[in-house]
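Below: the structure, in structure tokens.
Protein chains: 2
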Amino acid sequence: MTAQLNLDDTLAALADPTRRAILQRLSEGEARVTDLAQPFAMSLNAVSKHIRVLERACLVRRRRAGREHLLSFNHQPLDEAVTWIEAQRALWTARLGALDALLQAEDRVASPSAETKGPAR
Amino acid sequence: MTAQLNLDDTLAALADPTRRAILQRLSEGEARVTDLAQPFAMSLNAVSKHIRVLERACLVRRRRAGREHLLSFNHQPLDEAVTWIEAQRALWTARLGALDALLQAEDRVASPSAETKGPAR
DNA sequence: TTAATATTCAACCAATAAGTTGAATTACTA
DNA sequence: TAGTAATTCAACTTATTGGTTGAATATTAA
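Written out as structure tokens, the structure is:
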């Protein structure tokens, strides 16, 4: 029931400027729903909904203290997101490396002797 | 008109497993729309739409060669995304560092000789 | 020229997202 | 106890998403 870590939810949660601003605020420390809502031009309810999205993505945790709900930042899903993105970049640069090696190999073949390739004419 | 780099679009584009799979494939090299669609259980049209979303996010580029459209991976928006995420983590750990320092300072006051500062009582 | 291939465009549908307003719940405070 | 504060719940609206099918547009091949 703990709405386990899920890249789809994490990235979707991050894909909204309001939610990113909320997270940014929370990465400086705990805050109440009302505090989080204050900077925004939307209703408290709207912010409450955004918070719920962040919770579903496990990016924020909630602790109740009387009538106040104290939200806090959880970095764990961010780690997962970065891991995925970095893996893509790694693949990409690996491929560029391989391509580069290939081109160099072609050079070694193409330059010394002549006339080996080309559409000629 | 080049649909400039935008974190919202980037993260929203990444928040879908089909699109991530497409990107993963493209990070190994160029491919046609049909090639990209082949592994999926959905229509070609659906994949075509996913590609359009990735293009809007500048995560893929398109080059036409006759009737074929050759798609390729562009890492730049990923860099931006990682930059944002890392910034949050940095804030977070900075705050934890500060909190830690604070707690240590309190320790120094509370345990040994006492009486150097603090709200006393 | 005709047929097949690669791709998009257009219209549609169901589900979800993002916001609203108003009412309900729960916990403090005077 | 009565009122107010902090928050969610419920219902509703509008826009977007992710998928479908069928037709249109180019380009290549027979």
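Protein chains in written order, with numbering that gives the first Met the number 0: chain A, 0 to 120; chain B, 0 to 120. Each residue gets a CB set at the ideal place from its N, CA and C atoms; glycine is no exception. The structure presented is a predicted model; accordingly, all values stated were derived computationally and were not measured.
Continuous beta strand (DSSP E) stretch holding residue i: start and end
| i | result |
| --- | --- |
| R135(B) | For residue 135(B) there is no data in the structure shown, the boundaries of chain B being 0 and 120. |
| E54(A) | No beta strand (DSSP E) contains E54(A), which is instead part of the alpha helix (DSSP H) from L43 to R55. |
Pick from the options that is closest to residue i, judged by C-alpha positions
| i | options | result |
| --- | --- | --- |
| V32(A) | Q87(A), A64(A), R88(A) and L90(A) | A64(A) |
| L25(A) | A86(B), Q103(B) and A104(B) | A86(B) |
| H68(B) | R51(B), L10(B) and A89(B) | R51(B) |
| F39(B) | G28(B), I21(B) and A89(B) | I21(B) |
| A36(A) | L53(A), T17(A), G28(A) and E27(A) | T17(A) |
| A97(A) | Q3(B), D15(B) and G28(B) | G28(B) |
| D15(A) | L90(A), H49(A), S71(A) and T82(A) | H49(A) |
| N73(B) | H74(A), A89(A) and R66(A) | A89(A) |
| P76(A) | S42(B), I84(B), S71(B) and L95(B) | I84(B) |
Reduced DSSP category for residue i - H, G, I as helix; E, B as strand; rest coil
| i | result |
| --- | --- |
| L95(A) | helix |
| L70(A) | strand |
| A40(A) | coil |
| L101(B) | helix |
Alpha helix (DSSP H) segment containing residue i, residue limits
| i | result |
| --- | --- |
| A11(A) | L6 to L13 |
| A23(B) | The residue asked about is misnamed: residue 23(B) is Gln in this sequence, not Ala. Element bounds for Q23(B): P16 to L25. |
Buried versus exposed call for residue i [16 or more other C-beta atoms within 10 Å across all chains shown]
| i | result |
| --- | --- |
| L13(B) | buried |
| R62(A) | exposed |
| R19(B) | buried |
| S80(B) | Strictly speaking, residue 80(B) in this sequence is Ala, with Ser absent from that position. Its Cβ being crowded by 16 or more others within 10 Å, A80(B) is buried. |
| A100(A) | exposed |
| L70(B) | buried |
Problem set entry | Touching by the beta-carbon criterion (3+ pairs, under 8 angstroms), the region 3-11 of chain A and the region 53-60 of chain A | yes
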